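Residue numbers (the numbering used here): 96 to 498. Note that beta-carbon positions come from the ideal geometry of N, C-alpha and C, so glycine has one too. If you're wondering where the values come from, they're calculated on a predicted model, not measured in any experiment. Notes for the one structure printed next.
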Ligand SMILES: *Cc1c(COP(=O)(O)O)cnc(C)c1O
């Protein structure tokens, strides 16, 4: 029995993204004739002889070695994600999106360093900076997501990494990614971006100068609200450090979950197109409602980041927020408790719609956005948009009736 080799990411640069989603991480070498890579559940890998074991020890990443280093199921997903980002050397998987973010930071920083994080970052990213990184002797500063080239003034000699997130997943500021990465490259600072909203189908961060592109696969790639996983995709320059940190921290994503994520990936293009169209229909409708102060959706011409979004993104997805004109968080129960088509819950990117009251208070330190009323974040699913709009229409009527 010869050692099962690790496949290399294919070159699909001639193909459109929908075709890549169908072919990447699949075919000869991944499965003996069946369409999908089978689920390889493994811890121990057996070697026939001492000579075979010794050959594997010399090149542990060339094929099956030990479960934590992955099996053809995880490699298929890693290779497919790598094939989606031109300029990528490789992808690592994590048990959650947060683990992908924290490991990317740990791959780069050391005691005494300074790290810059966008003020619009996902809250657990901030907590990691404020608590764990701080405890390790790393200083963390937050910057206005709209800083653009002004980031230059915030970089110090000991700054080693900048964490971006565009758009922010509560307030949807669009960052000038190329302006920030150009300054960072010139100053020798590594940039990493949380690209969960855009996915590589809507934003290609490595092409815009980022060194590491991160996704919570839990959201759109999974797409069915039934798995937790993260990924980080790196340039050739960052790949060795990312790979080593991931291995040393002991991360392992299960083959069962990788197979689910691969299944999600095959339909990602279709789902995103539909969720983008429905979300835009809902956002446009909300924009005209008297109870609504503003809608934070970058594809609306009224959005302050619209021009940047048009320049850098190839489309939108299904997550956005709106701000009510009056009331407080507790009042939003009248709106959301009786919605027929929106669940109340964390996460997003699934086939089912969600509505969640969110707050910026307490999780912003570099910026201040005074608002007249509470914020509701919507994750638009695959339902008929007319049903979603009718549901929200009744919800807004209930909301207004209480004042
Ligand atoms: C959910 C989310 C994450 C974290 O993903 P988990 O898989 O829940 O750990 C990171 N970034 C953004 C923007 C998210 O919405």
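Residue i (DSSP reduced to helix, strand or coil)
i, result
"residue 472", "strand"
"residue 289", "strand"
"residue 230", "helix"
"residue 453", "strand"
"residue 106", "coil"
"residue 173", "helix"
"residue 100", "strand"
"residue 139", "coil"
"residue 464", "coil"
Cβ-heavy atom distance, residue i to ligand 1, below 7 Å
i, result
"residue 217", "yes"
"residue 187", "no"
"residue 287", "no"
"residue 260", "yes"
"residue 191", "yes"
"residue 356", "no"
"residue 311", "yes"
"residue 475", "no"
"residue 140", "no"
"residue 328", "no"
"residue 177", "no"
Residue i vs residue j beta-carbon contact at 8 Å
i, j, result
"residue 315", "residue 264", "no"
"residue 166", "residue 137", "yes"
"residue 171", "residue 115", "no"
"residue 437", "residue 486", "yes"
"residue 542", "residue 268", "Outside the shown range of the chain, which is 96 to 498, sits residue 542, and nothing can be said about it."
"residue 355", "residue 325", "no"
"residue 484", "residue 452", "no"
"residue 319", "residue 194", "no"
"residue 211", "residue 257", "yes"
"residue 189", "residue 348", "yes"
"residue 185", "residue 334", "yes"
"residue 418", "residue 475", "no"
"residue 244", "residue 281", "no"
"residue 102", "residue 180", "no"
Residue i at chain D interface by Cβ criterion, 8 Å
i, result
"residue 407", "Protein chain content of the structure displayed is limited to a single chain, and chain D is not contained in it."
In DSSP terms, what residue i is bridged to
i, result
"residue 188", "326"
"residue 391", "416"
"residue 211", "236 and 257"
Among the options, nearest to residue i - alpha-carbon criterion
i, options, result
"residue 407", "393, 416 and 413", "393"
"residue 296", "469, 350, 148 and 410", "410"
"residue 371", "294, 339, 180 and 132", "294"
"residue 182", "102, 224, 277 and 307", "307"
"residue 198", "239, 340, 146 and 417", "340"
"residue 206", "212, 266, 188 and 228", "228"
"residue 413", "397, 428, 420 and 379", "379"
"residue 425", "396, 497 and 390", "497"
"residue 390", "333, 112 and 468", "468"
"residue 480", "494, 304 and 377", "377"
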